[in-house]
Every structure is written in C-alpha cells, then in structure tokens.
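The listed protein sequences derive, respectively, from chains A and B. For the working numbering, add 1146 to where a residue sits in the first sequence, where the first one is 1. For the working numbering, add 14 to where a residue sits in the second sequence, where the first one is 1. Heads up: the structure comes next, in structure tokens.
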Amino acid sequence: MAESQDNKSDKHPKSGMKNQLALAFKQAPWRNRVQLAGGFLVALVIVILVASIYLSISGQAAAAGLEAYQLDLERLDLEREIANTNSRIADLTSAANMEARALEMGFKRIDPADALYITIPGYPGKQTMVVTSPPGTVNDDRLLVKSVYRESLWDWLFSGINSLNTTIIGSGE
Amino acid sequence: MKKFSFSRSKVLAVFLSLFALVICYQMIRIQNSSEAEYLDKWAKNYGYEVRTIQSERGYIYDRWGNLLAGNKEVYEVGIELQFVRNPAAIASTMSNLLELDYGFVFKAANTPYVPGETVYMTLVDFVSYEKIKELSALKTRYENQNPYGDDPNKPSLRGLVWSPHLQRAYPEHDLASNVLGFYTFYNREGGTGSYGVEQYYDSLLAGIKQNVVISLDPYELQEIPTAPAGASLILTIDREIQRSVEKILDQAVTGSKSVSGTIIIMNPENGEILALANSPRLDPNAYWEIADLFPDVTAINKSVTQVYEPGSVFKVLTMAAALDAGVVTPETTYTDYGVYEVGPWEIFNWDRGAWGEQTMVGCMQHSLNVCLATVAEWLNQDRFYSYMERFGIGHRTNIDMAGEVVFPLIVPGDQNWNIVNLATNSFGQGLAVTPMQMVMAVSSIANDGKMMAPHILKAYIQDGQQYDTVPQVMGQPISAETAHTLTEMLATSLEEEASDALVEGYRVAGKTGTGEIAVNGMYTSYLTNASFVGWGPIEDPKFVVYIWLEKPRTSIWGSVVAAPVFSDVVEELVVLMDIPPDDVRVGMTKE
C-alpha cells in the first residue's frame, strides 16, 4: 500500500502530498476538529470584532446624539436667559427708574441758562447706536453634522457597494 | 467512561440546541406579539417630536441703544396627570401662590390619566420667573419630605410641571407706545404686531416660524434646525426727548382740559422723528386695555391715523407759496377791512375785526384770515393747489408706521370744489391733514426748501449686519431763499407779538393755529383744534416741533394753549440736543 502510494507520489508529487495529508488526518482525527475549531474561532473573532466596533460606534453616536439634543435644549435655555437678562437690564435702566435714581442721588434738572458749552476739537458728539451682532443666533447655512456621522455601518457598506457597482457598470458602458 | 462522556456531551448538545431554539422561538414570538405591535405604534408616536422652531422676535431700540421692546421669560404651568399623587396639595399651592381657583385646579388634577388622550392639563400661562422660583422651591421641599409622593397624608406637587417660553416685554411701559404699537403675545400661536412699528415691520421683526420633525432616537444623529432671531430695529426716537415731551404733553392736555394731544419733533435736515408723543397712552404690556382707553381705534397714534382741519398753522404754507411765486414779499402791504367776500360767502378774521394796513409780516403775526384769502387769490387757484401738491398735501407721507391715513385735497375740477374753498383752504379750513403731513411740509421751510421724508427707522439689524436707512428728499417745493425769508418773517412776527412761544436765548420761528371743528356740517366757535408749528434755531434749524391739542376747554386759542407748550418743549430740547444759545453758538463758530 505504502509502495503503491510512493509510486503514485513519484508520478504526481502534488497528489502524493494530498494523500499524505489525508493519511495524517486519518491517523489523527483530532486534527480535523482542531481545524474546524480554529476556523470557527477565527470567524467568531471577526464577528466579535465587527460587532464590537459596531457597538462602540453606535454607542458613541447615540451618546453624541443625546449630547446634541441636550446642547440644543441648553442653547434654547441660554437664548431665553439672554433675552430675559436684556429685558431685566432694560427694566432697571428705564428712563423712569434712572430719573428716580438720579433724583435720589441729589441730581437736579439743569436750567438751560446754567449750561456751560465748551468746544472739544475732534469730538464728534454723542454717536447713535451701532450694533455688530444681532440678539439671536447668527444664521449659518453650513451643515454642522457631516453625513459620515449619520450613516450606519450597513449604510456605509451598501453605499460602498453601490458606488463600486456604479463604477463597474459605468466603466462597462 | 469514554462512552459515558460521549453520551453526556450529546445530551448537552441537544439541550443547548433546544435552548437556542427556544430563544429563537421567543424572539420571533415577541417580535410578532400584540405588545410588539403596540410598542411599534407607540414608538411611531413618540419616536419623533414635532417642534415649532420660531425666531425670537426682534428687539426695538431707541437711537442710543436703549431697549424699548424686548422679550422676557415666562412659564406655562400645567399638570402631567400620570404623575399626580396629591391633587389637593397641587390645588392648594396654586390657589395660594398664583391665585388660581382651588376648585378648578383640584378638578384638573383629578382628571383621569388616559394614555394617548388625556395626559396633560394647562393650568395657567405667562407666570413670572419669580413665581416659578417659589414654586420650584416648594416642590423640592415637599419632595424631600415625601419622596415620590408615596405618603398620601403628606403634600406632594408631583405632576405639577412648567415650561418656559418668551413673552414680548416693553420695559419703558407707556413711553413711545403710540410709536411702538404692541405685539399680541397672549395669542401664542398667532400673535401679530398691531399699530406702530410693531405692525409696520411685523414680518421683519417676526423672523421665521416652521414645524420640524426631530427624531428622539439618539442613534439618528441629525442636525436640529435653528431659526435666526427676527431683525432688530433701531428707531430715530430719542428716549430722553420722548420722555420729556410726553411729560410736557400730559401736563398740557390736563392743564388745557383737552381731549387729547400730539407733539411731533423732527430733524428737518434728514426727516428723523426724534419724538412723537400722544396723550393718552397705552401700556403695551397690557395691550388688551386698548378698547377701554381708546374707544376709537384710530386714536392710539393720532399723528398719522387721524386727519383734522389744522387752521392757521396752514397759513405758513400759503405764505410760502406766495413768496416763492413772487406774488408777495415781506414788505408787501395790504389793507384789511375785516371781511373777504367770495360769491355769496363772507370770510372774517378770527376776531371779526378790521386790522387796516398790514405788511405780510403783520398778516402772519396777527393771523389774518382775510389777508391770506386775498394772498391766495393773488396767487390764483392753479398755483395755490400746485404748491399744496408739492408740499404733499393730500398725499401720504409714507412714514413707516401702521395705519397712516390721508384726506384727499379737493382741487378745482373736483365735484366738491367751490370757489370759497380757495379762500378757506388758505387759512387751513375746508381741508384735512395729519399732523405728520404738516410736519413734513413745514420741514421744507426749515431745511432750505428741501422736504425730507419723515421716518422712524434709523437702522435694522439682520443676520449680524446693521443696515442704516438713507434719508430721502421728497422734493423741493420752495427755494432756499423763500425758506429763509419766511423763517425770518415768522421769527419776527413771534418776537413782535411777544408770543408765549419764545425761548430765551434762542431765535425760533413759528405759527399758531386755531381750527374750528365742524359739528353736523356747521363750524362751532367753542370747539377747536389748537396747534403750533415752530422750528429753530433759525440760523441752522435742528428741530421742527408740531403741537396739536384737541378741543381744549380752558381756552380755544392756539396762541394761549399751544404756544407755551412749544416754549416748554424747546427749553428741554436745547439741553437734550446740546444746542447752545445763539450768542454762545456764534462765539463758538468764530473760534
């Protein structure tokens, strides 16, 4: 049997090696199980790896989503607070309040005859209001969240396949 | 041993396979159960939030940046029925703290919770921040004493919630309220600007409003849209001048027992309205009182929403036209016999007297109707009405405030025009104008003949940019020379008359007016509109002041009730506008 195998291997070296391997597996069947287990483990590791990455990214995306939602609520709160503060300041500095405070502090209305006018070279006088920013949000048309942060792993995979498909079909045409 | 081991592993494999099958079965069962269907439906309802994105309404400032209209935070208080533990405690608290009816709150808090249907009840809206602070402290205290509201014998405010939103606020209360108008903030969904600039610039102030669907699924990271704030307005109004003028006007209306009053102050060089006071005024923070305060809806801003027969202040325009056309000069003489006959009608002077020979200065100084009717005749009807058109009489000024009205100028050829109209129109009767029209027309005399468009908006701020308005020339009805001549004539006539309108240290020009009011088609001598129009300092006018007192009762004459008001206003103005007395100003110019 061994002789005939040797003869065959002499004639066909590759098939001889195959036979040797088959023989080796036959003599030690646990090799098969190890190979199967190894293959299974590799597949399992890959699945776990992909799942871990997917979960990690999804978790981060969810956290970012929640944070974005919270930040938006916070922004609304701040806008209201700013509006409220502006209104309160205006209340405290209203003409009626300022006049009452001035009178309390002993100020009196000036008699035009008592006014002293002096020329200050270069002084343009009291200037009217110039505002550089509006009270609310500055409008910005740019998208803050890039599309890459909004697509799932599958979206990314399928969009990749689609684009590849389009490229191939495109080149075929 | 080996055989046993093999059997055990087989049993284990079978057991695990069965367990896996059970798990799979359970997964499929859960996925297709009626509960899953309900959850799916629930997720569709609550997985998304339809949010109304609304711009914060723009602010309104005076010319120096003082806030006249802004927004403040207020709260809606309601009950989330699912979480109510002690309805009596909620009713008692709301009754004591916010003065709500105990029975109403108790009934609301006892409303059964029906998922998807009755989950929330609104108790009260527009609650102040201070009240909410008190409410919050009380809720926290009760929660500490009775965690989760488990003890029914202890108070708990569980279920009572509040949410903030903005409310239009007017920190200066009734100051310039006729200019501002108001925003109907109690209508949270459909509030609009009413009257004044709030209405005129409503779309600009409001910004945008849109409903957007926002996913509540945190995995669906999406950009939440924002709405930029509405544009803010900077008005030409000067808060300090406005306040001073309103005080003077209130005193004048009370002192003269007038029905109402209006004062307009305009910079003739650029048409900016520095102050526009009305009396009485509405506090826009309580805008719903408008019906009680003003039974006539046009009354909130009479300077643009009501026309009246101005009387003798109109003579300024007649004289300007005659001077400009070269028909008269200040020295032109005229003999006043006390009556002017036109067809079957007779025109008399205000005192029904004859004033003899008068120059044109005398005509203006004594406000002679007969003289001005004669001057209008000399001018002839075509030229007279042509000049009135050029002064904008019969046309809107197009000032940027809501509700401006106009009364058409009846001219030769119109069905209602009669030859007597020329005579009566010459001294401001038989026609109707708004105070704003008069201010615009007269501003041409104070501004070298150039008539500037009156406007209330100095600039607006949108998307971080400030856009300044550009003053507009409405035309040049008269020459600069005519304007100077007439100004000098009117200054002289005030000085020679020793008018109450004079201001120490400053030369001013002006004219009184007493317009009779027609009742049932007949003019009455006891109901008048008292007016005064003046400007100064005459070398370089910085202000035009128009005063109108409606139906004064202490005296019917403009020279008695309106002229002193002009003097009071100018005394304040020269200080607030930093205008030195004439002698000081001349000295400073020489330096």
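Just so you know, even glycine gets a beta-carbon here, dropped at the ideal spot from N, CA and C.
So does the stretch 575 to 592 of chain B actually touch the stretch 259 to 266 of chain B, counting three or more Cβ pairs closer than 8 Å? Taking a cut-off of 8 Å on C-beta distances, the stretch 575 to 592 of chain B touches the stretch 259 to 266 of chain B, as three or more cross pairs fall below it.
Does M466/B get closer than 8 Å to chain A when you measure Cβ to Cβ? Using a Cβ-Cβ cut-off of 8 Å, M466/B does not count as an interface residue toward chain A, since no Cβ of chain A sits closer than that to its own.
Leaving out five residues on either side along the sequence, give the residues of the same chain with a beta carbon under 7 Å from the beta carbon of I561/B. Correct list, in chain order: I277, S545, F546, A576, V579 and F580.
Residue closest to Y348/B, alpha-carbon to alpha-carbon, out of H380/B, R155/B and E70/B: The residue among H380/B, R155/B and E70/B with its C-alpha nearest the C-alpha of Y348/B is H380/B.
Going along the chain, which residues of the stretch 1230 to 1243 of chain A sit with their C-beta nearer than 8 Å to a C-beta in chain B? So the list reads N1230, N1232, S1233, R1234, I1235, A1236, D1237, T1239, S1240, A1241 and A1242, given in the order they occur along the chain.
In the DSSP assignment, find the unbroken alpha helix (DSSP H) run with N383/B in it and report its ends. Counting along the chain, the alpha helix (DSSP H) containing N383/B begins and ends at N383 to L393.
Any residues in the stretch 1263 to 1276 of chain A with a beta carbon nearer than 8 Å to a beta carbon of chain B? Which ones, in chain order? Answer set for the stretch 1263 to 1276 of chain A: Y1263, T1265, G1271, K1272, T1274, M1275 and V1276.
C-alpha gap between R22/B and F29/B, whole angstroms: Taking C-alpha positions only, R22/B is separated from F29/B by approximately 10 Å.
Express the C-alpha separation of P422/B and F398/B in angstroms, rounding to a whole number. It is roughly 15 Å from the alpha-carbon of F398/B to the alpha-carbon of P422/B.
If you draw a straight line from the alpha carbon of V13/B to that of A368/B, how long is it in whole angstroms? Summary: the structure shown does not reach residue 13/B, with chain B confined to residues 15 through 605, and so no result is reported for it.
Report, in whole angstroms, the separation of the C-beta atoms of S457/B and P282/B, which I expect to be a contact under 8 Å. So it is a contact: roughly 4 Å between Cβ atoms.
Closer than 7 Å: P578/B CB and nearest the ligand ADP heavy atom: This structure lacks the ligand ADP, and indeed carries no ligand of any kind.
Closer than 6 Å by C-beta to E186/B: which residues in its own chain qualify, once you throw out the five before and the five after it? Chain order, please. For E186/B, where only same-chain residues beyond five positions count, the Cβ hits under 6 Å are L82.
Chain-ordered chain B contacts of D1301/A [CB-CB under 9 Å]: Those within 9 Å of D1301/A in chain B number zero; the least Cβ separation is about 12 Å.
Determine whether the Cβ of A1248/A lies closer than 8 Å to any Cβ atom of chain B. Nearest CB-CB separation between A1248/A and chain B: not below the 8 Å threshold.
Of the residues V88/B, I238/B and L114/B, which one's Cα is nearest the Cα of E1220/A? Among V88/B, I238/B and L114/B, the Cα nearest to that of E1220/A belongs to I238/B.
Looking only at DSSP bridge pairs, what is G79/B linked to? None; G79/B has no bridge partner.
Give the residues of chain B in contact with L1212/A, contact being defined as C-beta atoms less than 8 Å apart. Result: P232.
If distances are taken between C-alpha atoms only, which option among F199/B, I146/B and V375/B comes closest to P298/B? Of the residues F199/B, I146/B and V375/B, the one whose Cα lies closest to the Cα of P298/B is F199/B.
Give the DSSP-derived three-state secondary structure of E1162/A in the structure shown. Sequence check: residue 1162/A is Gly here, not Glu. Three-state result, G1162/A: helix.
Taking CB distances under 8 Å as the criterion, tell me whether P1280/A reaches chain B. Any reading at P1280/A must be qualified, since the residue scores a pLDDT of 45, below 50, and its modelled position is unreliable; the value itself is stated next. Closer than 8 Å: yes.
Whole-angstrom distance between M536/B and L508/B, CA atom to CA atom: Answer to the nearest angstrom: the Cα atoms are 31 Å apart.
Suppose contacts are defined by Cβ-Cβ distances below 8 Å. Is A122/B in contact with L137/B by that definition? Yes, Cβ-Cβ distance for A122/B and L137/B is below 8 Å.
I need the boundaries of the beta strand (DSSP E) containing T276/B, first residue and last residue. Taken as a continuous stretch (DSSP letters only), the beta strand (DSSP E) holding T276/B covers S274 to M280.
Assigned exposure category for L1201/A - 16 Cβ within 10 Å defines buried: Answer is exposed; the Cβ neighbour count stays below 16.
Name the DSSP beta bridge partners of L1299/A, please? Its beta-bridge partners do not exist; DSSP assigns none.
So does the stretch 84 to 95 of chain B actually touch the stretch 1227 to 1245 of chain A, counting three or more Cβ pairs closer than 8 Å? Between the stretch 84 to 95 of chain B and the stretch 1227 to 1245 of chain A there are three or more inter-stretch CB-CB distances shorter than 8 Å, so the stretches are counted as touching.
Taking a cut of 7 Å between CB atoms, which residues from the stretch 164 to 189 of chain B lie near chain A? Here the close residues are P178, L180, A183, P185, E186 and L189.
Note down, in chain order, every chain B residue with its Cβ under 7 Å from the Cβ of R1226/A. Neighbours of R1226/A on chain B, chain order: E87, P178 and L180.
I need the DSSP call for V584/B, collapsed to helix, strand or coil. Of the three classes helix, strand and coil, the one that applies to V584/B here is helix, per DSSP.
Could you tell me whether any Cβ in chain A is nearer than 8 Å to the Cβ of Q68/B? No, its Cβ sits nowhere closer than 8 Å to a Cβ of chain A.
Can you list, in chain order, the residues of the stretch 134 to 156 of chain B whose Cβ is nearer than 9 Å to any Cβ on chain A? Residues Y143.
Straight-line gap, E70/B to Y156/B (C-alpha atoms, nearest Å): Spanning the two alpha carbons is a distance of roughly 35 Å.
Can you tell me which of the three DSSP states G463/B falls into? Of the three classes helix, strand and coil, the one that applies to G463/B here is coil, per DSSP.
First through last residue of the beta strand (DSSP E) which encompasses F557/B: Counting along the chain, the beta strand (DSSP E) containing F557/B begins and ends at F557 to E564.
Along the stretch 500 to 527 of chain B, what residues have a CB closer than 8 Å to any CB found in chain A? So the list reads E518 and G519, given in the order they occur along the chain.
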